[in-house]
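Residue numbers (UniProt numbering): 1 to 169. Note that CB positions come from ideal geometry on N, CA and C, so glycine has one too. Worksheet for the structure shown next.
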Amino acid sequence: MNKQERKILIKHFIWVYIFLIYLYLALNKAGIGSIWDIGKYDTIVRLEEINLIPFQAGGFMTHILNIIMFMPLGFLLPLIWKSFRNGVGVLVTGVGFSLAIEIAQLFNRRLTDVDDLIMNTMGTLIGFIIWKVFTKIFKRKEATHFSLQVNEGAVYITLSVLGTFCLHI
Numbered sequence: 001m002n003k004q005e006r007k008i009l010i011k012h013f014i015w016v017y018i019f020l021i022y023l024y025l026a027l028n029k030a031g032i033g034s035i036w037d038i039g040k041y042d043t044i045v046r047l048e049e050i051n052l053i054p055f056q057a058g059g060f061m062t063h064i065l066n067i068i069m070f071m072p073l074g075f076l077l078p079l080i081w082k083s084f085r086n087g088v089g090v091l092v093t094g095v096g097f098s099l100a101i102e103i104a105q106l107f108n109r110r111l112t113d114v115d116d117l118i119m120n121t122m123g124t125l126i127g128f129i130i131w132k133v134f135t136k137i138f139k140r141k142e143a144t145h146f147s148l149q150v151n152e153g154a155v156y157i158t159l160s161v162l163g164t165f166c167l168h169i
């Protein structure tokens, strides 16, 4: 491995580390349930804690905070991994990550809300747009990235959600 490749590899791992910190903070702030919450209450899932009607509950500030919380996801995915630079992968990952959080919240008496899914997805898209604008403004020369795997980002997200859900005490 030459000096240039080593420099790219170090940058990649720094950005991956930042991404993992983001995932930890997002999952922590979202307050997802864990496997230990399943038997904690009389009923596993209460229907009154599920909102499937968009924009019925919640406030403006909650929507803004959900958007802000997911903007780093939309920015970091294409920054770190070339496979996320088309936008579709970012959108699918944002919806999937948000859906995983909402499903996990069913088990710890938190509100599962379609508004969160919509706003989180919007935040992911805004983050992606910001990344696009930055790449147009700075037009940095394309560097080769060394991913451990093509779907490395999806693996980190999946393991973070499953790890938090299964190991959080």
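I'd like to confirm the pairing. Which residues does DSSP put opposite residue 103 in its beta bridges? Working through the sequence shown from its first residue, we reach residue 103 at position 103. According to DSSP, residue 103 bridges with nothing at all.
Assign residue 55 to one of two classes, buried (16 or more other C-beta atoms within 10 Å of its C-beta) or exposed (fewer than that). In the sequence shown, residue 55 corresponds to position 55, counting from 1. The residue is exposed, with fewer than 16 neighbouring Cβ atoms inside 10 Å.
Whole-angstrom distance between residue 68 and residue 76, CA atom to CA atom: Translated into positions along the sequence shown, residue 76 becomes position 76. Translated into positions along the sequence shown, residue 68 becomes position 68. Whole-angstrom Cα-Cα distance: 13 Å.
Is it right to say residue 144 is buried, meaning 16 or more other beta carbons lie within 10 angstroms of its own, or is it exposed? As a first step, residue 144 is located in the sequence shown; it is residue number 144 there, counting from the start. Residue placement at residue 144 cannot be trusted, given a pLDDT of 48 that sits under 50; the coordinates are not used to answer.
Other residues of its chain near residue 66: CB distance less than 7 Å, five sequence neighbours each side excluded: The residue labelled residue 66 in the question sits at position 66 within the sequence shown. Counting only Cβ-Cβ distances below 7 Å, and skipping sequence neighbours, we find 116, 119, 120 and 123.
Taking all protein chains shown into account, decide if residue 57 is buried (16 or more other Cβ within 10 angstroms of its Cβ) or exposed. The count along the sequence shown starts at 1 and reaches residue 57 at position 57. Its Cβ having fewer than 16 others within 10 Å, residue 57 is exposed.
Taking just the CA atoms, how far does residue 110 sit from residue 146? For the purposes of this step, residue 146 is identified with residue 146 of the sequence shown, where counting begins at 1. For the purposes of this step, residue 110 is identified with residue 110 of the sequence shown, where counting begins at 1. Caution applies to residue 146, whose pLDDT of 48 falls short of 50 and renders its modelled position unreliable; the value that the coordinates give is listed next. Straight-line Cα distance between these residues: approximately 39 Å.
Quick one: what does DSSP say residue 86 is sitting in, helix, strand or coil? As a working mapping, residue 86 is identified with position 86 in the sequence shown. Three-state result, residue 86: coil.
In three-state terms, what does DSSP make of residue 14? Translated into the one-based positions of the sequence shown, residue 14 becomes position 14. Residue 14: helix per DSSP, three-state reduction.
Between the C-alpha atoms of residue 127 and residue 78, what's the straight-line distance to the nearest angstrom? As a position in the sequence shown, residue 127 is number 127, starting the count at 1. As a position in the sequence shown, residue 78 is number 78, starting the count at 1. Each residue's alpha carbon lies about 10 Å from the other.
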